[in-house]
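Just below is one structure, and these are the notes that go with it.
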Amino acid sequence: MYFYRVNNKPVILFDGVCNLCSGSVQFILKRDKEKRFLFASLQSTYGQSLLKQLDLPTELYEGGKVFTRSTAALKMFSQLKGWSWVKIFWVVPKFIRDAVYNLIAKNRYKWFGKKEECWLPTPDLKARFLD
Numbered sequence: 292m293y294f295y296r297v298n299n300k301p302v303i304l305f306d307g308v309c310n311l312c313s314g315s316v317q318f319i320l321k322r323d324k325e326k327r328f329l330f331a332s333l334q335s336t337y338g339q340s341l342l343k344q345l346d347l348p349t350e351l352y353e354g355g356k357v358f359t360r361s362t363a364a365l366k367m368f369s370q371l372k373g374w375s376w377v378k379i380f381w382v383v384p385k386f387i388r389d390a391v392y393n394l395i396a397k398n399r400y401k402w403f404g405k406k407e408e409c410w411l412p413t414p415d416l417k418a419r420f421l422d
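Start counting the sequence shown at 292; every next residue gets the next number (my numbering).
Structure (structure tokens):
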């Protein structure tokens, strides 16, 4: 997951065929009542362009900074109403947080499955997705 900013809104780049990643996006959409976040799947034209532009392997960009792995996830969840408690995980050293993140990322298809096609948002959510 990556975090990037467009029009002063954080953009979350995610793996659109990953069940865990798509489920996470849907989880965020339900809780992001202020509509703070925009989304782009890594498989989209926009996602691919952004990865090349920022020279990223494939997470969160905000305020001119790219946040990856566990840092991206913590930044994102800490901005959701009712989820500020996740800030407690900032005390865990980054190398440990990222090791857990990498373990989940490496096994995400095996543990959570993979779709043949990207999840498509409903028409009312479509404006929050960058193609």
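We put the beta carbon where it would ideally sit given N, CA and C, even for glycine.
Straight-line Cα distance separating residue j from residue i
i: Lys-401; j: Trp-376; result: 29 Å
i: Leu-342; j: Asp-306; result: 12 Å
i: Glu-325; j: Arg-419; result: 12 Å
i: Ile-395; j: Ser-361; result: 11 Å
i: Asn-398; j: Ile-379; result: 25 Å
i: Phe-328; j: Leu-411; result: 17 Å
i: Ser-332; j: Ile-387; result: 26 Å
i: Ser-340; j: Phe-330; result: 14 Å
i: Leu-371; j: Phe-318; result: 10 Å
i: Thr-336; j: Asn-298; result: 18 Å
i: Gly-314; j: Lys-321; result: 11 Å
i: Leu-421; j: Lys-405; result: 21 Å
Environment of residue i [buried if 16+ CB atoms lie within 10 Å]
i: Leu-345; result: exposed
i: Thr-359; result: buried
i: Lys-366; result: buried
i: Phe-368; result: buried
i: Ala-429; result: Any property of residue 429 remains undetermined from this structure, which presents the chain solely from 292 to 422.
i: Val-383; result: exposed
Residue span of the beta strand (DSSP E) that contains residue i, given as start and end
i: Phe-305; result: 300-305
i: Lys-356; result: 356-359
i: Ser-315; result: That residue, Ser-315, is in no beta strand (DSSP E); its alpha helix (DSSP H) goes 310-322.
N-terminal and C-terminal residue of the alpha helix (DSSP H) that residue i is part of
i: Phe-386; result: 385-403
i: Ser-332; result: No alpha helix (DSSP H) contains Ser-332, which is instead part of the beta strand (DSSP E) from 329-332.
i: Lys-343; result: 336-345
Close Cβ partners of residue i (< 6 Å) along its chain, the five nearest in sequence each way excluded
i: Phe-403; result: Asn-310, Leu-311
i: Gln-334; result: Gly-307, Cys-409
i: Gly-338; result: Leu-304, Ala-331, Ser-332
Beta-carbon contacts of residue i that lie in its chain and below 7 Å, excluding the five residues immediately before and after
i: Trp-381; result: Leu-365
8 Å CB neighbourhood of residue i in its chain, flanking five on each side removed
i: Glu-407; result: Val-308
i: Val-316; result: Ile-303, Phe-305, Phe-330, Trp-410
i: Leu-416; result: Leu-320
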